[in-house]
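Remarks on the structure that follows.
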Amino acid sequence: MKQQNLRSVIKRIRDVAGVIRKISKGISNLPDYESYVKHIQMNHPEVAPPTEAEFFKDFLNKKYGASAKRCC
């Protein structure tokens with residue numbers, strides 16, 4: 002019984018963490034990688050989705066340019 006309750010609590014924590022992650026990405030104007038991958042798989046099955054790192058690198062390049070100067 003205790004183990005089942007612990008699993009339930011852990012699942013709930015993971016669910017809440019996922020919601021917080023989505024909200025924080027929305028606030029910071031970051032795109033949702035998981036939604037993008039689902040879109041690619043459903044609408045463009047012949048295209049291999051980029052890795053998460055490639056996805057965000059492409060996003061930042063489009064937003065700031067590939068040759069953006071850094072101050073630090």
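Just so we're aligned, residue 2 is where the sequence shown starts under our numbering, counting upward by one. Even glycine gets a Cβ: it sits at the ideal position worked out from N, Cα and C.
With a cut-off of 8 Å on the beta carbons, I'd call residue i and residue j a contact; round off their distance for me.
i     : j     : result
ASP59 : PRO51 : 7 Å
ASP33 : LYS26 : 6 Å
TYR37 : PHE57 : Going by Cβ atoms, the distance from TYR37 to PHE57 rounds to 10 Å, so no, they are not a contact pair.
Terminal residues of the continuous alpha helix (DSSP H) containing residue i?
i     : result
GLU47 : Taken as a continuous stretch (DSSP letters only), GLU47 belongs to no alpha helix (DSSP H), as it is neither H nor E.
GLY27 : 3 to 28
LEU61 : 53 to 65
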